[in-house]
Every structure is written in C-alpha cells, then in structure tokens.
Amino acid sequence: MKGHNVLRFAGYTLAVGFLTEIIYTVYKRLSKKSKAKNDTTEVIFFPDSQVACIDYFTKVNGCVARDCKFSHKENSLSKLFMILSKSTKSMDVCVFVLTCTDLTDLLIQAHKRGVRVRVITDCEQVDATGSQVWRLRSEGVAVRTDESSFFMHHKFVVIDEKTLVNGSFNWTRQAITGNQENLLISDNSTLVKEYCKQFDHLWMLYDPQRGQLD
Numbered sequence: 071m072k073g074h075n076v077l078r079f080a081g082y083t084l085a086v087g088f089l090t091e092i093i094y095t096v097y098k099r100l101s102k103k104s105k106a107k108n109d110t111t112e113v114i115f116f117p118d119s120q121v122a123c124i125d126y127f128t129k130v131n132g133c134v135a136r137d138c139k140f141s142h143k144e145n146s147l148s149k150l151f152m153i154l155s156k157s158t159k160s161m162d163v164c165v166f167v168l169t170c171t172d173l174t175d176l177l178i179q180a181h182k183r184g185v186r187v188r189v190i191t192d193c194e195q196v197d198a199t200g201s202q203v204w205r206l207r208s209e210g211v212a213v214r215t216d217e218s219s220f221f222m223h224h225k226f227v228v229i230d231e232k233t234l235v236n237g238s239f240n241w242t243r244q245a246i247t248g249n250q251e252n253l254l255i256s257d258n259s260t261l262v263k264e265y266c267k268q269f270d271h272l273w274m275l276y277d278p279q280r281g282q283l284d
C-alpha cells in the first residue's frame, strides 16, 4: 500500500512537472507574439501629387502664409516630415543624394535643438547641383563621405535609435513628386539595432582622420 502511494505521488509529480513545462512553453510563445504585435511598421509610397508644406506639419503654429503654394493635405512627404521632426536625441542619416531643402531644414532644426545629427552621403554627390552638404556643414552638422570609387548607395535614417526609415527614397524633389519610391518605417528593435550597427561602422570607416583605400 505504501509503495502504491509512493508511485501515485511520483506520478503526480511528473504530471505537474510536465504540465508546468507546457504552460511555460505556451507562455514564451505568446510573449513573443505579443511583443511582435507591439512593433509598429508602416510603408509609404511616392510620388506625391503635391509637395507638403513643412511648416503646416512641423511647426507649433502651423503655416502662417496667406497664399501657401504647398499642400496642407497629409501625404507621404508630410508623414516623413512628422517622423523626422519628432527626433529628441539622435538622427543618423545615410543617403546617396541630398538636395531637398525642406528635409535639410529638418536636420538643421534638429541640430539646433540639441539632437545629435550625423549624415553620411556619397562623395560624388557633395558638389552636385543642389547638394545640401555644404549648407549642413556650415550649420555645424557633421557630414562624412565615402571617398571611394564605389557608390555609398544606402538610403536609410535611424531616429533616436528607436525608429528606422529605409527604402529606395533619395532626398530629392524628383523622388518626392516624380519617381516611384518607397519607404518602410519600423520600430522593430532587431531591425533598428542592425541599422545602428551599420551606420556606426560606416561612420568610423569614413572618418577623414582614419584614411581610406579605394
């Protein structure tokens, strides 16, 4: 009888242990799914039919122009404006071509309010028509170039090390209202971390004090 009770107790113990393991496994899976659901991902497409008004979408008082020539309707560019204008700590921009004055304005404004702004672009684009590189540098924004015979062809931004903006979109007026372009916006921590690492790698690689080989 005593031995029978021991066996029953052992059976109960094994059953409880097995059930606990199942519950824990299910909990981990649900936790991962819940975490994934909390990630925010959005895709925006260009071209826009009109250029969004930067003041209307980013200034506290909005647009005060009586006859504003720009759009006050939400579009892809306005979404990009709002995302960039919300930076509070850092903005790392890695883009092949940078000629759009409005987007450059947002970088300069962020720099002036204490955000660490770093820009990487292609060396052949520095002196291209409409390039904003020298304007950024004159305002104190740190800009580095690849100085290579190959293209620095990335087009991504990491904001506050929390939000990734990545796609085919160069920072040009043609990309806004002419080309078929896309941008993916995500706060997925795994993606953001990888792009942060890549930016830091390129930032060190393109340090003018380091010297490079083509």
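Numbering (our numbering), first residue to last: 71 to 284.
All C-beta atoms in this analysis are idealised placements derived from N, C-alpha and C, irrespective of residue type, glycine included.
What are the boundary residues of the beta strand (DSSP E) that includes residue i?
i           : result
residue 225 : 225–229
Assign residue i to one of three DSSP states: helix, strand, or coil.
i           : result
residue 144 : coil
residue 189 : strand
residue 203 : helix
residue 208 : helix
residue 118 : coil
residue 274 : helix
residue 160 : strand
residue 220 : coil
residue 266 : helix
residue 195 : helix
residue 131 : coil
residue 249 : coil
residue 139 : coil
residue 152 : helix
Please indicate yes or no: does the CB of residue i lie closer than 7 Å to some heavy atom of the ligand ADP?
i           : result
residue 110 : For the structure depicted, the ligand ADP is absent and the ligand set is empty, with no information on it obtainable.
Name the two residues that bound the continuous alpha helix (DSSP H) containing residue i.
i           : result
residue 180 : 171–182
residue 128 : 124–128
Can you tell me which residues form a DSSP beta bridge with residue i?
i           : result
residue 235 : 227 and 255
residue 168 : 241
residue 214 : 190
residue 113 : 254
Considering only their Cβ atoms, is the gap separating residue j from residue i smaller than 8 Å?
i           : j           : result
residue 160 : residue 136 : no
residue 164 : residue 253 : no
residue 168 : residue 208 : no
residue 255 : residue 153 : yes
residue 231 : residue 189 : no
residue 166 : residue 240 : yes
residue 38  : residue 197 : Residue 38 is absent from the model: the chain starts at 71 and stops at 284.
residue 162 : residue 269 : yes
residue 251 : residue 238 : yes
residue 127 : residue 151 : yes
residue 222 : residue 242 : no
residue 64  : residue 206 : Outside the shown range of the chain (71 to 284) lies residue 64, about which nothing can therefore be said.
Using 8 Å as the limit for Cβ to Cβ distance, is residue i near chain C?
i           : result
residue 120 : Chain labels in this structure do not include chain C; a single protein chain is all it has.
TODO: Check whether the stretch 121–133 touches the stretch 172–181, counting contact only when three or more Cβ pairs, one atom from each stretch, lie closer than 8 Å.
DONE: yes
TODO: For the stretch 143–162 and the stretch 211–219, state whether three or more C-beta atom pairs, one from each stretch, are separated by less than 8 Å.
DONE: no
TODO: Could you tell me whether the stretch 223–242 touches the stretch 206–215, using the rule of 3 or more Cβ pairs below 8 Å?
DONE: no
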